[in-house]
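What follows is a set of notes on a single structure, which appears directly below.
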Amino acid sequence: MIFRAVEDADLIRKARRGDVEAYNLLISRWERRVYNYLLRIVAHREDALDLSQGLDDPVRFGPWPCRNAHNEAYSLFRKPTFVGY
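Under my numbering, the first residue of the sequence shown is numbered 605, with each subsequent residue one higher.
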């Protein structure tokens, strides 16, 4: 896991410098994990998919994507239009 964290940190640095390949690798590593995490929170596939799309912005991607996903899900809960499931 330490090696993976170092790899992710290096990929994040590269992605922030505009390396599209590094960014795509980060997204491919984390997208399923983040989606599954969101699905457990919101319990609705379409909402989890919509929320996980927020990670497509390279500026917002960081070393803790699940925390970012958590914040996105709870932002949905605070919207007056959210009815729950």
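Each residue gets a CB set at the ideal place from its N, CA and C atoms; glycine is no exception.
Values in this document were obtained by computation on a predicted structure and should not be read as measured data.
Which first and last residues belong to the alpha helix (DSSP H) in which residue i is found?
i      : result
Val624 : 624-646
Leu655 : 649-656
Under the assumption that residue i contacts residue j (Cβ atoms under 8 Å), give the Cβ distance between them as a whole number of angstroms.
i      : j      : result
Arg645 : Ala677 : As written in the sequence, residue 645 is Ile, which differs from the Arg given in the question. Indeed they touch by this definition, with Cβ atoms about 4 Å apart.
Asn672 : Leu680 : Going by Cβ atoms, the distance from Asn672 to Leu680 rounds to 13 Å, so no, they are not a contact pair.
Given residue i, which residues of its chain have a CB within under 7 Å of its CB, disregarding the five upstream and five downstream residues?
i      : result
Leu653 : Tyr639
Asp651 : Leu680
Leu643 : Arg649, Ala652
Leu615 : Ala626, Leu629, Leu630
Nearest CA to the CA of residue i: which residue from the options?
i      : options                : result
Tyr627 : Ala619, Arg636, Glu611 : Ala619
With a threshold of 8 Å on Cβ separation, who are the neighbours of residue i within its own chain once the five nearest residues in sequence on each side are excluded?
i      : result
Phe641 : The residue you asked about is not Phe; residue 641 is Tyr in the sequence shown. Correct list, in chain order: Cys670, Ala673, His674.
Pro667 : Here the model assigns Pro667 a pLDDT of 49, short of 50, so the residue's position is not dependable, and the following value carries that caveat. Cβ within range, chain order: Ala609, Asp612, Ala613, Ile616.
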